[in-house]
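Under my numbering, the first residue of the sequence shown carries the number 440, and numbering increases by one thereafter.
Note that beta-carbon positions come from the ideal geometry of N, C-alpha and C, so glycine has one too.
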Amino acid sequence: MVGRLEGSNSASVKDALAMIQASKWAVRGISILAYISLASLPFIYALARLQQVTGHTPWEALWRFSEVYGATEALHYTMMEATASAALTVAIGLPIAWCLGRYQWRRPALFRALFSVPFVMPAIVAAMGFLLLIDEGGMLYALGIDLRRETGFIGDLAARTGWDHPGHFIALIFAHAWFNLSLMIRFVEPTVARLDPAWEEQIGLLGQGKTRLGRIRHLWWPILGPAVLCAASLSFLFSFTSFALVKWLAPFNNTLESLMASYGGSAGIENYRVDTSEIVMSASIVQFLILLAALYLTSSLQQRHSSRFSLISEGGARAARGPPNWRARLIVYSGAGFTLAPMLTAFFASFRVRETKFSSGMVYEWSVEGWRAAWSGDLSTMGVGEALGNSLLYAFCTLCIALPTGWMLASSIHALELQQRPKLAKALDIMTLLPLAVSAVMVGLGVLLGVLKTMPALFQWSFLPVLPHVILTVPFVVRVMLPAMRAVEPEWKEQALVLNLTPLQTWYHGYFSFIRGPAVVASSLTVAFSLGEFGASWLLVRAGSWDTLSVVVDQLMSRPKFDPLVQPAAMAAATVLMAITFLLFFLAERFRPEGDGGGF
440 MVGRLEGSNS ASVKDALAMI QASKWAVRGI SILAYISLAS LPFIYALARL
490 QQVTGHTPWE ALWRFSEVYG ATEALHYTMM EATASAALTV AIGLPIAWCL
540 GRYQWRRPAL FRALFSVPFV MPAIVAAMGF LLLIDEGGML YALGIDLRRE
590 TGFIGDLAAR TGWDHPGHFI ALIFAHAWFN LSLMIRFVEP TVARLDPAWE
640 EQIGLLGQGK TRLGRIRHLW WPILGPAVLC AASLSFLFSF TSFALVKWLA
690 PFNNTLESLM ASYGGSAGIE NYRVDTSEIV MSASIVQFLI LLAALYLTSS
740 LQQRHSSRFS LISEGGARAA RGPPNWRARL IVYSGAGFTL APMLTAFFAS
790 FRVRETKFSS GMVYEWSVEG WRAAWSGDLS TMGVGEALGN SLLYAFCTLC
840 IALPTGWMLA SSIHALELQQ RPKLAKALDI MTLLPLAVSA VMVGLGVLLG
890 VLKTMPALFQ WSFLPVLPHV ILTVPFVVRV MLPAMRAVEP EWKEQALVLN
940 LTPLQTWYHG YFSFIRGPAV VASSLTVAFS LGEFGASWLL VRAGSWDTLS
990 VVVDQLMSRP KFDPLVQPAA MAAATVLMAI TFLLFFLAER FRPEGDGGGF
């Protein structure tokens, strides 16, 4: 009798566990389908509408790409600037990551946070900072380097080589390198900081490790190569889809993204400017295919980068190598200056107001009038306070949707990997990255067209911008959470079960406590990216009235500069946006686990 009871209890427990497991996969399946639908429908709506207007299928639009006005030139320029930006990011970031991870610095977390801040800075703020550096009266202009008006030796370079606007191109790729610098730091530095120094000593005793080239080839490249290539591929991806930086730093050249943004406002309208619909349709398909290949490469490299090596604590590895030498200090301090220059320039410019005096001509005086104009909204559709309220509200709503969705997607990918179903896991991993392969302008256009087609009344809904924000931020949540979930050992949960804890306590102590830090990082980055999102919001708010702070900055900088308060007001708004993202990232860095790399 007792045996029968025990057998029945065991069977009931197994049935209960099976039901729980089935319900988990049901929830995961619903989340996956909901997100894939949410992410793909705007693109499908936009393509369907553009096909209806142009009369061309997607394949015909792809075939006619070379015939579309400005498309071939935009593709050439996009490939050139994205490749150059990725190479420059590696050239600048790799020495900094190497020196920062290799030696014992007094405040490594402070340096790490400083170098990582540019990535979460809104692109419009980065554009304003670099614009001030290269414009007349800026730091580089004072040194005789005129990248904006292209006079002096930059003009001579253009005249001798026939290169159109080399100054704008140089400014753009350096801005992209500044923006993507944290990718090299986040992927490479943690691995360098925690590798056992004994490895280098051991390979030095072998014939293959006698020379520096031999050590790079047989030790450092096999370990750091996937991280470097992953950071480079992501840098290529983000440079390829750059919009605000191209719009302001290279105004005479178009990338595919800026080309679509320029004509996106009139695309999709029947019997009106059909050529603009052809441009957007062809460019979006070509961009999607190129970025899909880049995302496949990125996913493969990141999975290789997640492989475990013989790691020790940061403190032990840094102590074994000692304090930095003068070369390492020069590299890291120069990198810190490069990182701070655009942000400090924007901050100080918010207090400099142009005045014209009969005795001395045009002079600049220190004043807070620019801040007053920014907060009052006299020079824009609304004041900084109201726009900031919109941005924070949208960011909070985005967080409430994007974090659980990204968590569920990352959990599903990891569960498939544990079940030895790598192909399905890889397919889902790539699908979560698809929004990064779609132009933000296409996402905004798709949301606009989809809403107008299905529920026109929804167009007056104030929270409409949250939809593209969720679509564009969920991939970042997945990128942060997935490596953290892969690092959690199943034995930790089994050990928590031995302690006779409740199921909730077991989940918390055996699982959640190990990914709590990455969850905070993902939350902070989601809010930061939502605050700084520009492409989709820029397209939506041109037809609506939901201005965000990044859009207000663009409005101010687009005004003629006859009013001396326009630029200080724009810099004041940019400084507010910069300060908030700064605080968010320092919060994220505080919760980042030791050695965490491979995420954003």
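Starting from F569, trace the alpha helix (DSSP H) both ways and give me its first and last residue.
562–573
What whole-angstrom Cβ distance do L611 and L688 have, given they're in contact under 8 Å?
Confirmed, about 5 Å.
From the DSSP output, in three-state form, read off A982 for me.
With a pLDDT of 45 at A982, under the threshold of 50, the modelled position of this residue cannot be trusted, and the question is left open.
Count the other C-beta atoms from every protein chain shown that fall within 10 angstroms of the C-beta of M1010, then say buried if there are 16 or more, exposed otherwise.
buried
Classify Y542: buried if its beta carbon has 16 or more other beta carbons within 10 angstroms, exposed otherwise.
buried
Rounded to whole angstroms, what is the Cα-Cα separation between M920 and L1004?
44 Å
In whole angstroms, give me the CA-to-CA distance for T820 and D986.
8 Å
Would you tell me roughly how many angstroms separate the C-alpha atoms of G532 and T496, rounded to the nearest one?
43 Å
Comparing alpha-carbon positions, which option in H515, A780, H908 lies nearest L477?
Looking at the Cα atoms, H908 is the closest of the given residues.
Pick from L827, L586, Y950: whose alpha carbon is nearest that of I609?
L586
Can you find the residues in the same chain that come closer than 7 Å, C-beta to C-beta, to I724, ignoring five residues on each side of it along the sequence?
P497, A500, L501
Between T829 and K1000, what straight-line distance do the alpha-carbon atoms span, to the nearest angstrom?
Correcting the residue identity first, residue 829 is Asn in this sequence and not Thr. About 26 Å.
What residues in its chain sit with their C-beta under 8 Å from that of E808, if we drop five residues either side in the sequence?
Within the same chain, E808 has close Cβ partners V792, L1004, P1007.
Alpha carbon to alpha carbon, how far is L995 from A812?
11 Å
Cβ atoms of I852 and V917: under 9 Å apart, would you say?
yes
Could you pull the DSSP bridge partners for Y803 from this structure?
R793
Report the three-state DSSP secondary structure of L1047 (helix, strand or coil).
Residue 1047 is absent from the model: the chain starts at 440 and stops at 1039.
Determine the direct distance from the alpha carbon of V992 to that of G816, and round the result to whole angstroms.
11 Å
Kindly indicate which residue of L964, A566, E520 has the alpha-carbon position closest to the one of F1043.
The chain is shown only over 440 to 1039; residue 1043 falls outside these bounds and no answer can be derived.
Would DSSP call M1041 helix, strand or coil?
Given that the chain is displayed from residue 440 to residue 1039, the structure contains no residue 1041 and the question cannot be resolved.
From T912, S850, P547, pick the residue whose C-alpha is nearest to that of P874; which is it?
It is T912 whose Cα lies nearest to the Cα of P874.
What residues in its chain sit with their C-beta under 8 Å from that of I424, if we drop five residues either side in the sequence?
The structure shown does not extend to residue 424, since the chain spans only 440 to 1039, so no value can be given for it.
Given R503, which residues of its chain have a CB within under 8 Å of its CB, disregarding the five upstream and five downstream residues?
For R503, where only same-chain residues beyond five positions count, the Cβ hits under 8 Å are H495, E717, S721.
Check each candidate in V959, T778, F691 and name the one with the smallest Cα separation from S701.
Of the listed residues, the one whose Cα sits closest to S701 is F691.
Starting from the Cα of V492, find the closest Cα among S674, S705, T522 and give me that residue.
S705
Determine the direct distance from the alpha carbon of W464 to that of T784, and round the result to whole angstroms.
51 Å
For the putative contact between V966 and A834, defined by C-beta atoms under 8 Å, what is the C-beta separation to the nearest angstrom?
4 Å
So with Cβ pairs under 9 Å, would you call V909 a contact of chain C?
Going by chain labels, chain C is absent from the structure shown, which holds only one protein chain.
Taking Cβ positions, are A417 and L731 nearer each other than 9 Å?
Past the edges of the chain, shown from 440 to 1039, lies residue 417, and the structure says nothing about it.
My parser needs the beta strand (DSSP E) runs of 3 or more residues fully inside the stretch 813–855; what are they?
none
Evaluate D868 with the Cβ neighbour count: other Cβ atoms within 10 Å of its Cβ, from every protein chain shown; 16 or more gives buried, anything less gives exposed.
buried
Since P561 contacts S989 with CB under 8 Å, what's their CB separation in whole angstroms?
5 Å between Cβ atoms; contact.
Rounded to whole angstroms, what's the CA-CA distance from P661 to N764? Just pull it up for me.
26 Å
Pull up the distance between the alpha-carbon of F1024 and that of R656, whole angstroms please.
Taking the straight line joining both Cα atoms gives about 35 Å.
What is the DSSP secondary structure of E589, reduced to helix, strand or coil?
coil
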